[in-house]
Each structure stands twice: as structure tokens, then as C-alpha cells.
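Its first residue numbered -3, the sequence shown is counted upward by one per residue in this note's numbering.
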Amino acid sequence: MDRKIFPLILLFLIVVISCVSAGVSPYREGSNTEQVTNLTVQDEQRLTKEALPKILKDYPPAKNQELQEYISALGMKIVRANKLEGNPYHYTFTVVDVADINAFAMPAGTIFVMAPLIATASNEAELAGVVSHEIGHVVARHTAKRMYAMEKAQNKTWLYAAGGAAAGAIVGYGLGRLICKEGDSACHAKAALWGGALGVGGGLLAQKYPFLVNSREDEMEADRLGFKYAVAAGYDKDQVGKFYEKLLEIEKSGNKSGSVIIKNLSDAFSTHPPSEERVRQMNELAAQSPARKAVTNTPEFDKAKQIAVAMKKK
Ligand SMILES: [Zn+2]
């Protein structure tokens, strides 16, 4: 061994060992051991419990039992394959009966998927990718941290949110600050548009619940975690990132005003902003992941999609 390098390696080992023995736990992606805030699992459960009555009013569970059982089985399959159940959260997955195409995660494992998203997904692997992405938001505590910060700032928007178009412009401005790079005026203009013009009739998820708006960094992290979870659950690595890629393509190609699909998808744009860098990262992850026998679709998905399509509101 090179005599100059050896002391360096020894020093490195000493530092690593002393960190471990001192119980220092630096931030690890997807771990919930990080101590940036004092947020506890009990806090997370409380925040969800406080916000849930209003959310369930705005996003009522779909009444179709088969559809609920399907999303629950799909979500729990991913959770169990990744040993996440009870570690530390208990997960629930619910289909909600609204006209938008989106999914969202509340702290401590409460995940919602809007029925039209199931109707829009091409196969089960694609849907599993979206569900896994939401699990990623839970594990990385993205929503929890924002709600906790709002609570600390005495700004409990989940209790007092007015929603609707009136608040649109202000929310659009806030959205831009969250999701856009500084100085990216095109991005800010887009955010203002989502917040304003599209907020008629109850408003976007982002307007009603600003704590559900994810930053670019949060989205990139949820994508990485989601990719890992979906592939570990046996899903096709080349399909699990496709839904958000589709989102970006639709946004780029079809930004014609009044388009029904854009109007419905604008909800997803507002809380899970798609971007070139997200698509690039997903493609890189897929390319690095070894090829193996994997699930792309199931007859159960086709049945669930049929039910969701039949429910789809105009
Ligand atoms: Zn997201």
C-alpha cells in the first residue's frame, strides 16, 4: 500500500468510527432520523388528524369498494416490499372522487389518489410509480415539514384556507417562489397562471392546501425514493417514471387554453411540478437499474381503470 495514502485512510476510518460511536446520524436520504426540526412522529400524526376532516370534505373517498381495495392492495404491496409498514408509519391508500388528475400524501402515511389519475395511467407499473412517489414524500417528511413550519409560524392554512379564484394570484406568487428557480420569469409566469386563471370552482389543490406544494428538490428526492420502492416491489423500471414524463410532454405540447386535459392536469402541475431534470433523473435511474423480469400490467389494473374511467367527471 502507498505509504502516503495509508495514514489518510486510517484517519478517515477513525472519523467514521467515532461518528458512529458518538451516535451522530447525518442526513440520509429517505431516512426519518434527520433532526433538522423537532418534528416527531406523533406531531406528524396530529397534523394529519387536524387537517383530515376538511380534506375529506373537499376530496371525498370514491364509493366503489373494488376500486378502494385495489389501490389499498397496490399501495400496501409497495410498502411491504420495502419494509416500510410500521417503520415508523402506518399507511393508508384512498381513491378520491374528484375531477382532477393528481395524488397527494399527508404526513405519517395517509395517501390519496384521484380517480381520474387511475383512468389516465397506461398500466399498473405507471400507477405504482406515482403511488411510490407519494410514499417517498411521506418517508422524506416533505408535507410534514411544511405543515410544521406553518404551525410554528401560526399560519394554519389547513384550517383557514379560503380557496377559490380570489386567492389565486397570491397563491400563484407563493407557488412561484416555491417551485421556480430565482430569476426564471417563465416559470413564475406559469405559476401565477396556475394560481389564478385555473382556480375557478373551488380551486386547485395547491390553492386550498399550500403545504402540499412540493419544491423542485422535494420532487427530485420523492422521484428517487419512488423509483427504488416501485422497482423493489417488482415493477418495470422503464415504466415507473412514465407518468410524470407524460405530464411534462402534455404541458409542453398542449398548453392550449381551455383544453380539458390541461385543466384537469393543472392540479398535478401545481403540487408535483414536472421538469426536464426530473425526467432526466428518472431515465438515468432506469438505465442504471439492472434488467430483470418485472410487472408492467395486471388484469386488476385494467378492471380498476375501467371503474375509474366510468366515474370520470366531464
Ligand atoms: Zn411529488
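Ideal placement from N, C-alpha and C gives every residue a C-beta, glycine not left out.
Q: Classify F297 as helix, strand or coil using the three-state DSSP reduction.
A: helix
**Q.** Nearest-angstrom Cα separation, counted from P295 out to D96
**A.** 25 Å
Q: Excluding the 5 residues preceding and the 5 following E247 in the sequence, name in chain order all residues of the same chain whose CB lies nearer than 8 Å to its CB.
A: I258, L261, F265 and P270
Q.
Between T44 and M102, how many whole angstroms is the CB-CB distance? I'm expecting something under 8 Å.
A. 4 Å
Q. Counting by C-beta, which residues lie closer than 6 Å to a heavy atom of ligand 2, in chain order?
A. Questions concerning ligand 2 fall outside what the structure shown contains, since the ligands it does hold are ligand 1.
Q | Straight-line Cα distance separating L52 from L201 | A | 13 Å
Q. To which residues of the same chain is E81 closer than 6 Å at the C-beta, ignoring the five residues directly before and after it?
A. V75
Q. Going straight from the alpha carbon of A300 to that of K238, what length do you get?
A. 19 Å
Q: Alpha carbon to alpha carbon, how far is A149 from Q284? Give it in angstroms, no decimals.
A: 42 Å
Q.
Using only the alpha-carbon positions, how far apart do D219 and S211 sit?
A. 12 Å
Q: Under the assumption that E62 contacts V291 (Cβ atoms under 8 Å), give the Cβ distance between them as a whole number of angstroms.
A: 20 Å between Cβ atoms; not a contact.
**Q.** Boundaries (first-last residue) of the alpha helix (DSSP H) holding V94
**A.** Looking at the DSSP string, V94 is not in any alpha helix (DSSP H), and its letter there is neither H nor E.
Q) Taking the alpha-carbon positions, what's the V227 to K177 distance? A) 31 Å
Q. For the putative contact between R137 and L35, defined by C-beta atoms under 8 Å, what is the C-beta separation to the nearest angstrom?
A. 7 Å
Q) How long is the line joining the alpha carbons of K73 and A229, rounded to whole angstroms? A) 7 Å
**Q.** Residue range of the unbroken alpha helix (DSSP H) whose run includes A282
**A.** E272 to Q284
**Q.** Candidates F297, Y144 and D234: closest to R276 by CA position
**A.** D234
Q | Classification of R274 by the beta-carbon crowding that lies within 10 angstroms, buried from 16 upward | A | buried
Q: Give me the Cα-Cα distance between G159 and K50, rounded to the nearest whole angstrom.
A: Reliability of the predicted coordinates at G159 is poor, the pLDDT of 46 falling under 50, and the value obtained from them is presented with this limitation in mind. Each residue's alpha carbon lies about 12 Å from the other.
Q. In terms of DSSP beta bridges, what is T106 paired with?
A. T88 and M102
Q. Between which two residues does the alpha helix (DSSP H) carrying Q235 extend?
A. Note, Q235: premise wrong, no alpha helix (DSSP H); not H, not E.
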